[in-house]
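Peer 1:
Protein chains in written order, with my numbering: chain A, 1 to 217; chain B, 218 to 450.
See the structure below:
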């Protein structure tokens, strides 16, 4: 069709995996380029000169950076399997929760791995997860019956990233006792037919985090 | 037409983003001033998650977070579009909006309460980031939106008016015409746009507000037990 789609990513990154999820859910063919972040390619530096980060999507020769921006672009360009709802108010709700995950949940979760006052950091992370759990309510996914924008942006939480980190570092973050609905959602997420093809290889990811965080028990 | 209400706080640049977007699209709305030291039942009901302003209430439904509100306004009232039509151009606009949020915020948090020599160092860091915006986003355009203002101008609007008051409170200027000539020109052009000019908080009041706020932040730092290079952000 001449409308080449290329994706520059890193195998273990939840940010580049988000883009793959969106493309696969919509059945969009793309060429994937694995980047070595210790030795960034000339193409990456050309296509994302401002941040020099992945993911970068290239469509019709034009680059787009920032995963949430890329997701919106994908949703507007390929209409099959909409990621955002049609109704403006529901779209606003989805964008609000996607921002909440990015700007509140994820920093609070990461902070638990570095904070001096770990107990306080965990409490703060729990508060953000509680709000997320309340928003999920009894839905199968944040998107309703099927995966949507918020589910994809929350891939770090739903996929194996958080589970692995909390096990290796010895943190009780996403637990069944405290967050039964989020845990159920997380299971649905990793077992979803398309999503499971987009997750990084389990063993490889676990090994990566074990090296990164050390094997403290 | 369904009722539109905006919960706001008079010094907040985030609230003004929403005011400008509504006015640019000629949307009638009721403005309700919030006392953030004594949050109203209305605010707690309509933004229970973050309890912050701005909150837009349209036909009884509430939307929070200024950037989310701007996208909602754009989709609900498509007249006088604030985002480009072309999907790639639109993605670029959103990229620069995100850049402002992620890159400028931590530098701003270091700059505003900075004391002594820290101020020059923070100002320099700020200038480096703003240089990127000036070169790669604004370029030779009059506005970020091109010939007329768009969503990126609205989001960066804080730099055009609030920031002068902050610079005065800190005592070290950032947007110097010799260092950021095009951004400096944008500041003046932006303030002249009639919807903007007619919708700005009182300069004297704003300056007093930021001076008081900065004093509080600076004195909170000096009560910390650790040495002055402790990160206050």
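Beta carbons: idealized from backbone N, C-alpha and C, even for Gly.
Quick caveat: nothing in here was measured; it's all calculated off a predicted structure.
Taking buried to mean at least 16 other C-beta atoms within 10 Å of its own C-beta, is residue 72 (chain A) buried or exposed?
Peer 2: Your numbering for residue 72 (chain A) matches position 72 in the first chain. Buried is the call here.
Peer 1: Would residue 281 (chain B) be called buried (16 or more neighbouring beta carbons within 10 Å of its own) or exposed?
Peer 2: Taking the second chain and counting its residues from 1, one reaches residue 281 (chain B) at position 64. Buried, since its Cβ has 16 or more Cβ neighbours within 10 Å.
Peer 1: Around the Cβ of residue 420 (chain B), are there at least 16 other Cβ atoms within 10 angstroms (buried) or fewer (exposed)?
Peer 2: Residue 420 (chain B) sits at position 203 when you count from the first residue of the second chain. Classification for residue 420 (chain B): exposed.
Peer 1: Smallest Cα separation from residue 349 (chain B): which of B:222, B:378 and B:396?
Peer 2: For the purposes of this step, residue 349 (chain B) is taken as residue 132 along the second chain, with counting starting at 1. With distances taken between Cα atoms, residue 349 (chain B) lies closest to B:396.
Peer 1: Check whether the Cβ of residue 95 (chain A) lies closer than 9 Å to any Cβ atom in chain B.
Peer 2: On the first chain, residue 95 (chain A) is found 95 positions in, with the first residue counted as 1. Yes - at least one Cβ of chain B is within 9 Å of the one on residue 95 (chain A).
Peer 1: What residues from the stretch 289-311 of chain B come within 7 Å of chain A, judged by C-beta to C-beta, listed N to C?
Peer 2: Within the stretch 289-311 of chain B, the residues whose Cβ lies closer than 7 Å to some Cβ of chain A are 289, 292, 293, 304, 305, 308 and 311, listed in chain order.
Peer 1: In chain order, what residues of the same chain lie with their CB nearer than 7 Å to the CB of residue 336 (chain B), ignoring the 5 residues before and after it?
Peer 2: Position 119 of the second chain, counted from the first residue, corresponds to residue 336 (chain B). Excluding positions up to five away in sequence, the list reads 387, 388 and 389.
Peer 1: Could you work out which residues of chain B lie near residue 73 (chain A), taking near to mean beta carbons separated by less than 9 Å?
Peer 2: Here residue 73 (chain A) corresponds to residue number 73 of the first chain, with the count starting at 1. Here the neighbours are 304, 305, 307, 308 and 311.
Peer 1: With distance defined between alpha-carbon atoms, name the residue in A:170, A:188 and A:151 nearest to residue 82 (chain A).
Peer 2: Numbered from 1 along the first chain, position 82 holds the residue referred to as residue 82 (chain A). For the residues A:170, A:188 and A:151, the minimum Cα distance to residue 82 (chain A) belongs to A:151.
Peer 1: What's the C-alpha gap between residue 25 (chain A) and residue 5 (chain A)?
Peer 2: For the purposes of this step, residue 25 (chain A) is identified with residue 25 of the first chain, where counting begins at 1. For the purposes of this step, residue 5 (chain A) is identified with residue 5 of the first chain, where counting begins at 1. Cα to Cα, the separation comes out at about 15 Å.
Peer 1: Check whether the Cβ atoms of residue 8 (chain A) and residue 50 (chain A) lie closer than 9 Å to each other.
Peer 2: By one-based count along the first chain, residue 8 (chain A) stands at place 8. By one-based count along the first chain, residue 50 (chain A) stands at place 50. No, the pair does not count as a contact, with Cβ atoms beyond the cut-off.
Peer 1: Identify the continuous beta strand (DSSP E) that holds residue 228 (chain B) and give its terminal residues.
Peer 2: Walking along the second chain from the start, residue 228 (chain B) turns up at place 11. No beta strand (DSSP E) holds residue 228 (chain B); DSSP gives it neither H nor E.
Peer 1: Return the CA-CA distance between residue 305 (chain B) and residue 79 (chain A), expressed in angstroms with no decimal places.
Peer 2: Position 88 of the second chain holds residue 305 (chain B). Position 79 of the first chain holds residue 79 (chain A). Roughly 16 Å between the two C-alpha positions.
Peer 1: Given a threshold of 16 other Cβ atoms within 10 Å of its Cβ, counted over all protein chains shown, does residue 19 (chain A) qualify as buried or as exposed?
Peer 2: What you label residue 19 (chain A) is simply residue 19 of the first chain in a count that begins at 1. Label assigned to residue 19 (chain A): buried.
Peer 1: Closer than 7 Å, Cβ to Cβ, to anything on chain B: give me those residues from the stretch 104-133 of chain A, in chain order.
Peer 2: If the cut-off is 7 Å between Cβ atoms, the stretch 104-133 of chain A has 131 near chain B.
Peer 1: Any residues in the stretch 341-359 of chain B with a beta carbon nearer than 8 Å to a beta carbon of chain A? Which ones, in chain order?
Peer 2: For the stretch 341-359 of chain B, which is checked against every Cβ of chain A, the residues closer than 8 Å are 349 and 353.
Peer 1: Do you know how far the Cα of residue 438 (chain B) is from the Cα of residue 449 (chain B)?
Peer 2: Numbered from its first residue, the second chain carries residue 449 (chain B) at position 232. Numbered from its first residue, the second chain carries residue 438 (chain B) at position 221. Its pLDDT being 39, under 50, residue 449 (chain B) is placed unreliably by the model, and nothing is read from it.
Peer 1: Which of the residues in the stretch 275-287 of chain B, read from start to end, lie with their CB under 9 Å from any CB of chain A?
Peer 2: Listed in sequence order: 275, 276, 278, 280, 281, 282, 284, 285 and 286.
Peer 1: Counting contacts by CB-CB distance shorter than 9 Å, is residue 231 (chain B) in contact with chain A?
Peer 2: Residue numbering aside, residue 231 (chain B) sits at position 14 when the second chain is read from its first letter. No, residue 231 (chain B) does not count as interfacial toward chain A.
Peer 1: With 16 other CB atoms within 10 Å as the buried threshold, where does residue 132 (chain A) fall?
Peer 2: Taking the first residue of the first chain as 1, we reach residue 132 (chain A) at position 132. Classification for residue 132 (chain A): buried.
Peer 1: Assuming residue 329 (chain B) and residue 383 (chain B) form a contact by the criterion Cβ under 8 Å, report the distance between their Cβ atoms to the nearest whole angstrom.
Peer 2: Counting from one through the second chain, the residue named residue 329 (chain B) turns up at place 112. Counting from one through the second chain, the residue named residue 383 (chain B) turns up at place 166. With a Cβ gap of about 6 Å, residue 329 (chain B) and residue 383 (chain B) count as contacting.
Peer 1: Measure the alpha-carbon distance for residue 224 (chain B) versus residue 417 (chain B) and round it to whole angstroms.
Peer 2: For the purposes of this step, residue 224 (chain B) is taken as the residue at position 7 of the second chain. For the purposes of this step, residue 417 (chain B) is taken as the residue at position 200 of the second chain. Each residue's alpha carbon lies about 16 Å from the other.
Peer 1: Among the candidates B:333, B:361, B:332 and B:293, whose CA atom is the shortest distance from the CA of residue 317 (chain B)?
Peer 2: Walking along the second chain from the start, residue 317 (chain B) turns up at place 100. Nearest option by C-alpha distance: B:361.
Peer 1: List, from N- to C-terminal side, the alpha helix (DSSP H) runs of 4 residues or more that fit wholly inside the stretch 177-209 of chain A.
Peer 2: Listed in chain order, they are 180-191 and 195-198.
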